[in-house]
Amino acid sequence: MDRELSLAHLTVISLSPPEMIRVAASTGYQSVGLRLIRVTPESPGYSLMDNDLMRRETLLAMEETQIKVHDIEFVKITPELDISSLKEFCAVGAALGASRIIAAPYDPDLTALADKFAALCDLAEDYNLGVVLEFFPWTNVPTLKDALEIRRRAGEPKNGGVLVDSLHFFRSESNFSDLEHLNADTLPFLHLCDGPLRGKHDLAGRLWEARAERLPPGKGELPLAKLIQRMPSDIPISLEVPMEHMAAEKGPEAVAQYVHECAVHLLKSMEPSLC
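Whatever position you read off the sequence shown (first residue = 1), add 82 for the numbering used here.
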């Protein structure tokens with residue numbers, strides 16, 4: 083299968099970057115996404131910006147396994163964020179050979195949010211990095227259409243796109259029609275997972291599902307094939323499938339392996355329709 087499959091850090095968040103890269107290599111992935119900035123107090127981030135030893139070990143693991151770093155995360159665009167403070171983050175991403183930065187909309191002022199997204203794209207361009215804005219149903223940029231509007235307000239930067247996560251796409255009731263006529267410059271990769279057809283309605287339930295217990299592709303009820311068919315062809319697919327219960331019981335490597343097997347099975351079953 084030619085499609086690049088990337089292991090998102092949230093799937094194996096207990097592993098440090100060097101450990102994660104070696105697990106990715108042993109379980110069939112071509113690349114990884116690294117969480118270099120902590121998202122919540124309960125979930126780790128691995129700051130290679132100020133950990134020289136771990137950065138060297140990460141580069142060594144990449145060299146030994148030939149696993150690439152596809153993306154780095156997680157920039158929360160808040161009212162307090164100073165974009166210039168991310169220079170070292172971008173520099174580390176460039177040193178790792180990453181392609182993109184994942185950013186998230188947490189500024190209630192949509193004009194300010196668009197301006198900061200544009201500024202982040204400008205900074206990232208200096209390091210040959212792209213930026214994707216990920217939308218979340220619990221933020222004030224809840225849908226694909228809303229994220230595309232922020233990109234438009236930002237001046238549609240050449241290195242700025244939108245990240246579609248399959249769980250957030252369906253939980254936000256985004257529309258397939260919003261994907262029409264969008265190319266890989268706008269939608270450069272896909273976060274893929276599965277889940278029940280209907281999710282929780284309360285915020286705590288939504289966050290728990292998104293951050294702790296998703297389902298591997300093909301093991302839930304979401305119409306993933308229809309989504310993949312409407313996305314730009316041949317873009318990388320990043321498997322973001324946290325399964326905390328399985329990880330506690332069998333270990334993160336077992337989760338990475340199972341998620342990869344399920345994704346490959348789904349994509350192979352779709353091959354006639356993707357030709």
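Every residue gets a Cβ at the ideal spot worked out from N, C-alpha and C, and that includes glycine.
Nearest by alpha-carbon distance to Leu205: which of Lys240, Glu216 and Pro219 is it?
Lys240
When burial is assigned at 16 or more other CB atoms within 10 Å of the CB, is Lys150 buried or exposed?
buried
Quick one: Cα of Ala185 to Cα of Ser351, how far?
32 Å
For the segment 302–339, which segments carrying the alpha helix (DSSP H) assignment without a break, of at least 4 residues, lie completely within its bounds, in sequence order?
306–312 and 326–332
Rounded to the nearest angstrom, what separates Lys227 and Cys203 at their Cα positions?
20 Å
Same chain, Cβ closer than 8 Å to Val105, neighbours up to 5 away in sequence not counted
Leu89, Val94, Leu97, Pro334, Glu335 and Ala338
Leu130 versus Tyr111, Glu155 and Pro123, residue with shortest Cα-Cα distance
Glu155
Around the Cβ of Cys344, are there at least 16 other Cβ atoms within 10 angstroms (buried) or fewer (exposed)?
buried
If contact is defined by three or more beta carbon pairs under 8 Å, each pair taking one atom from either stretch, is the segment 285–293 in contact with the segment 261–269?
no
Residue closest to Leu349, alpha-carbon to alpha-carbon, out of Leu321, Met328 and Lys332:
Leu321
Cβ-Cβ distance between Arg54 and Val244 below 8 Å
Residue numbering for the chain in the displayed model covers 83 to 357; residue 54 lies beyond these limits and cannot be assessed.
Taking the CB atoms as reference points, tell me whether Ala173 and Tyr128 lie closer together than 8 Å.
no
How big is the Cα-Cα spacing for Ile103 and Arg117?
12 Å
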